[in-house]
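Chemist:
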């Protein structure tokens with residue numbers, strides 16, 4: 001009773017006064033300390049207890065996992081396997097799998113998978129769900145999906161948590177085709193529109209850029225939960241529909257649903273995309289004043305990005321100086337990006353110096369600062385930045401873009417001609433570039449390789465890796481009206497900031 005009420009001191013006093021302590025008493029104390037994050041006290045009792053059962057091991061291992069000590073959890077799991085009187089159960093192995101995912105370490109995950117097969121826990125849906133997450137988190141999405149497919153063929157019906165785990169993995173890896181197959185399976189078996197799985201579907205489609213499908217699933221929920229609202233808001237914001245994102249947010253407020261800090265990240269992002277500075281400031285201040293939430297580092301990064309893009313550096317500096325936490329790399333990078341747009345040299349130096357201190361090996365900071373100096377004609381400073389890169393052996397890797405067509409990933413570099421469809425891609429881009437100029441479009445080459453001729457800058461911009469990927473996507477789809485395809489290309493390029 002004392003443990004469940006959070007009175008660990010009282011529980012410990014009773015425990016110490018007990019003449020005889022049974023296994024249940026030891027486990028209760030260990031579990032209580034572990035859940036409260038007092039892992040040293042829990043481990044001391046664990047090491048002192050005369051005998052242990054599965055609950056003892058699981059309580060301690062899961063305690064390490066839940067409080068961000070995955071290596072300690074795996075070490076204890078290995079100790080348990082060596083203990084002749086201890087056997088793994090589904091709770092123990094799922095905690096161990098979660099620990100291997102947190103490191104992450106696929107090799108250890110596979111070892112645990114082997115142990116699961118040996119002891120016969122491979123028919124449990126929770127274990128299968130965590131195993132799928134392991135393979136998806138390591139980028140082995142085909143193996144993860146094969147594992148999920150094997151589960152469905154085995155006759156075991158996955159539960160909501162399994163579906164949600166697989167769909168979230170599809171979202172993280174932009175694997176929409178796999179997500180659609182899971183959606184199809186859900187439709188065939190009939191799923192509850194109020195379930196975790198339905199919310200994960202909204203999130204998956206939004207994260208993969210298919211806002212229309214996300215909205216369809218969302219509309220099928222008569223009482224959408226906060227995850228669904230937030231996923232669709234963020235989806236609109238990140239896919240070129242900021243006004244729709246803000247309209248949806250207002251509907252969320254009218255529905256009586258209380259937004260959280262992630263919701264406001266989507267709202268502030270929408271304001272940034274729409275250039276609504278004053279509206280963004282209004283939402284930013286409402287987070288604390290109206291909704292009683294704390295500002296997070298993400299909120300500060302968003303509002304600084306919004307102000308910096310608009311050139312309102314005085315307001316941005318004022319907010320930074322009043323922040324209750326230390327600015328992170330995302331905030332400084334946002335500020336540096338705004339300085340690049342507006343040529344603010346003094347503030348650019350401050351932002352760059354902060355970034356050099358946080359992540360000295362990131363080439364993006366050096367390149368952005370060099371470009372700012374180059375735009376201002378300060379070639380001596382450009383040379384100093386490049387020398388600093390050489391001295392610290394910082395190398396900028398060439399940017400690449402990828403697109404998935406029929407479950408095959410195609411990767412492109414700037415000016416890439418290695419793709420089998422390279423000739424068709426370049427012809428398509430050449431024709432579009434000609435038509436764009438006829439409509440009055442003038443490329444902005446201010447931030448493209450300052451040590452090459454203007455014509456070369458335009459050419460590099462025209463054959464940017466993102467444009468190559470988008471162009472390949474368009475020529476790989478069935479033919480449509482030329483003007484529609486042209487407009488679609490312009491919209492996609494605008495979203496990817498490559499034109």
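Residue numbers (UniProt numbering): 1 to 499. Don't be surprised by glycine CBs; every beta carbon is placed ideally from N, CA and C.
Could you give the distance in angstroms between the alpha-carbon of residue 1 and the alpha-carbon of residue 177?
Modeler: Counting from 1 along the chain shown, the entry for residue 1 is found at position 1. Counting from 1 along the chain shown, the entry for residue 177 is found at position 177. Cα to Cα, the separation comes out at about 50 Å.
Chemist: Does residue 359 come out as helix, strand or coil in the three-state DSSP assignment?
Modeler: Against the chain shown, residue 359 aligns to sequence position 359. Three-state DSSP puts residue 359 in coil, outside helix and strand.
Chemist: Who are the Cβ neighbours of residue 281 in its own chain at under 6 Å, not counting the five residues just before and after it?
Modeler: The sequence position of residue 281 within the chain shown is 281, counting from 1. Hits under 6 Å: none found.
Chemist: Please report the straight-line C-alpha distance between residue 341 and residue 470, rounded to a whole angstrom.
Modeler: To locate residue 341, count along the chain shown from 1; it is residue 341. To locate residue 470, count along the chain shown from 1; it is residue 470. Spanning the two alpha carbons is a distance of roughly 25 Å.
Chemist: Mapping DSSP to helix, strand and coil, what is residue 414?
Modeler: Against the chain shown, residue 414 aligns to sequence position 414. DSSP places residue 414 in coil when its eight states are reduced to three.
Chemist: In chain order, what residues of the same chain lie with their CB nearer than 6 Å to the CB of residue 301, ignoring the 5 residues before and after it?
Modeler: In the chain shown, counting from the first residue as 1, residue 301 sits at position 301. Same-chain partners within the cutoff: 330, 331 and 334.
Chemist: Which same chain residues end up closer than 6 Å to residue 305 when comparing Cβ atoms and leaving out the 5 residues on each side of it in sequence?
Modeler: Residue mapping note: residue 305 aligns to position 305 of the chain shown, counting from 1. Contacts found: 272 and 334.
Chemist: Is the beta carbon of residue 298 sitting closer than 9 Å to the one on residue 261?
Modeler: What you label residue 298 is simply residue 298 of the chain shown in a count that begins at 1. What you label residue 261 is simply residue 261 of the chain shown in a count that begins at 1. The answer is yes: Cβ separation under 9 Å.
Chemist: Determine which residues share a DSSP beta bridge with residue 401 and list them.
Modeler: Counting from 1 along the chain shown, the entry for residue 401 is found at position 401. 412.
Chemist: Have a look at residue 328 and residue 55 and give me their C-alpha separation to the nearest angstrom.
Modeler: For the purposes of this step, residue 328 is taken as residue 328 along the chain shown, with counting starting at 1. For the purposes of this step, residue 55 is taken as residue 55 along the chain shown, with counting starting at 1. Each residue's alpha carbon lies about 41 Å from the other.
Chemist: Give the straight-line distance between the Cα atoms of residue 425 and residue 475, rounded to the nearest whole angstrom.
Modeler: Counted from its first residue, the chain shown places residue 425 at position 425. Counted from its first residue, the chain shown places residue 475 at position 475. For residue 425 and residue 475, the distance between alpha carbons rounds to 8 Å.
Chemist: Between which two residues does the alpha helix (DSSP H) holding residue 24 run?
Modeler: Counting from 1 along the chain shown, the entry for residue 24 is found at position 24. Start and end: 23-35.
Chemist: In the DSSP assignment, find the unbroken alpha helix (DSSP H) run with residue 53 in it and report its ends.
Modeler: Taking the first residue of the chain shown as position 1, residue 53 is located at position 53. Segment: none, residue 53 is in no alpha helix (DSSP H) and carries neither H nor E.
Chemist: Starting from residue 18, follow the alpha helix (DSSP H) in both directions and report where the run begins and ends.
Modeler: Taking the first residue of the chain shown as 1, we reach residue 18 at position 18. First-last for residue 18: undefined, no H or E at that position.
Chemist: The alpha helix (DSSP H) with residue 225 in it runs from where to where?
Modeler: Here residue 225 corresponds to residue number 225 of the chain shown, with the count starting at 1. No alpha helix (DSSP H) contains residue 225, which DSSP labels as neither H nor E.
Chemist: Closest Cβ-Cβ distance between residue 390 and chain C: below 9 Å?
Modeler: Absent from the structure is chain C; it holds one protein chain and no more.
Chemist: Please state whether DSSP places residue 395 in a helix, a strand or coil.
Modeler: As a working mapping, residue 395 is identified with position 395 in the chain shown. It is coil, neither helix nor strand.
Chemist: Got a sec? Which residues, its chain only, sit under 8 Å from residue 6 by beta carbon, not counting five neighbours each side?
Modeler: The residue given as residue 6 occupies position 6 in the chain shown. So the qualifying residues of the chain are 36.
Chemist: Rounded to the nearest angstrom, how far is the Cβ of residue 112 from that of residue 100, given a contact under 8 Å?
Modeler: Along the chain shown, read from residue 1 onward, the residue named residue 112 stands at position 112. Along the chain shown, read from residue 1 onward, the residue named residue 100 stands at position 100. Contact flag correct, Cβ pair sits at about 6 Å.
Chemist: Can you give the Cα-Cα distance for residue 254 and residue 168, rounded to whole angstroms?
Modeler: For the purposes of this step, residue 254 is identified with residue 254 of the chain shown, where counting begins at 1. For the purposes of this step, residue 168 is identified with residue 168 of the chain shown, where counting begins at 1. Whole-angstrom Cα-Cα distance: 28 Å.
Chemist: Alpha carbon to alpha carbon, how far is residue 12 from residue 285? Give it in angstroms, no decimals.
Modeler: Locating residue 285 in the chain shown gives position 285, counting from the first residue. Locating residue 12 in the chain shown gives position 12, counting from the first residue. Distance between the alpha carbons of residue 285 and residue 12 is about 45 Å.
Chemist: Locate the alpha helix (DSSP H) running through residue 187, then write down its first and last residues.
Modeler: Numbered from its first residue, the chain shown carries residue 187 at position 187. Start and end: 176-189.
Chemist: Is it the case that the Cβ atoms of residue 396 and residue 373 are separated by a distance below 9 Å?
Modeler: Here residue 396 corresponds to residue number 396 of the chain shown, with the count starting at 1. Here residue 373 corresponds to residue number 373 of the chain shown, with the count starting at 1. No.
Chemist: Of the residues 60, 83 and 71, which one's Cα is nearest the Cα of residue 91?
Modeler: Sequence index remark: in the chain shown, residue 91 carries index 91 (1-based). Residue 91 has its Cα closest to that of 60, out of 60, 83 and 71.
Chemist: Identify, in the order they occur along the chain, each residue of the same chain with its Cβ nearer than 6 Å to the Cβ of residue 310, setting aside the five sequence neighbours on each side.
Modeler: Sequence index remark: in the chain shown, residue 310 carries index 310 (1-based). Closer than 6 Å at the Cβ level, and outside the excluded window around residue 310, lie 277.
Chemist: Which runs of the alpha helix (DSSP H) spanning at least 4 residues fall entirely within the region 326-353, listed in chain order?
Modeler: Segments of the alpha helix (DSSP H) lying fully in the region 326-353: 329-342.
Chemist: Take residue 231 and list the residues in its own chain whose beta-carbon comes closer than 6 Å to its own, dropping the five residues that flank it on each side.
Modeler: Taking the chain shown and counting its residues from 1, one reaches residue 231 at position 231. These residues qualify, in order along the chain: 202, 203 and 206.
Chemist: Buried or exposed for residue 464, please, with buried defined as at least 16 other CB atoms from any protein chain shown within 10 angstroms of its CB.
Modeler: Position 464 of the chain shown, counting from 1, holds the residue named residue 464. It counts as buried.
Chemist: Put residue 261 into one of helix, strand or coil per three-state DSSP.
Modeler: For the purposes of this step, residue 261 is identified with residue 261 of the chain shown, where counting begins at 1. Helix, per DSSP.
Chemist: Closest to residue 98 by CA distance: which of 117, 82, 81 and 77 is it?
Modeler: By 1-based counting over the chain shown, the position of residue 98 is 98. The residue with the shortest Cα to Cα distance from residue 98 is 77.
Chemist: Can you grab the Cα-Cα spacing for the pair residue 410 / residue 357, in whole Å?
Modeler: Taking the chain shown and counting its residues from 1, one reaches residue 410 at position 410. Taking the chain shown and counting its residues from 1, one reaches residue 357 at position 357. Computed Cα separation, rounded: 36 Å.
Chemist: At which residues does the alpha helix (DSSP H) containing residue 255 begin and terminate?
Modeler: Here residue 255 is taken as the residue at index 255 of the chain shown, counted from 1. Residue 255 -> alpha helix (DSSP H) spans 242-255.
Chemist: Looking at the secondary structure, which residues open and close the alpha helix (DSSP H) in which residue 302 lies?
Modeler: To locate residue 302, count along the chain shown from 1; it is residue 302. It spans 297-309 - the alpha helix (DSSP H) in which residue 302 sits, taken as one unbroken run.
Chemist: Quick check on residue 416: buried or exposed, where buried means 16 or more other Cβ atoms within 10 Å of its Cβ?
Modeler: Taking the chain shown and counting its residues from 1, one reaches residue 416 at position 416. Buried is the call here.
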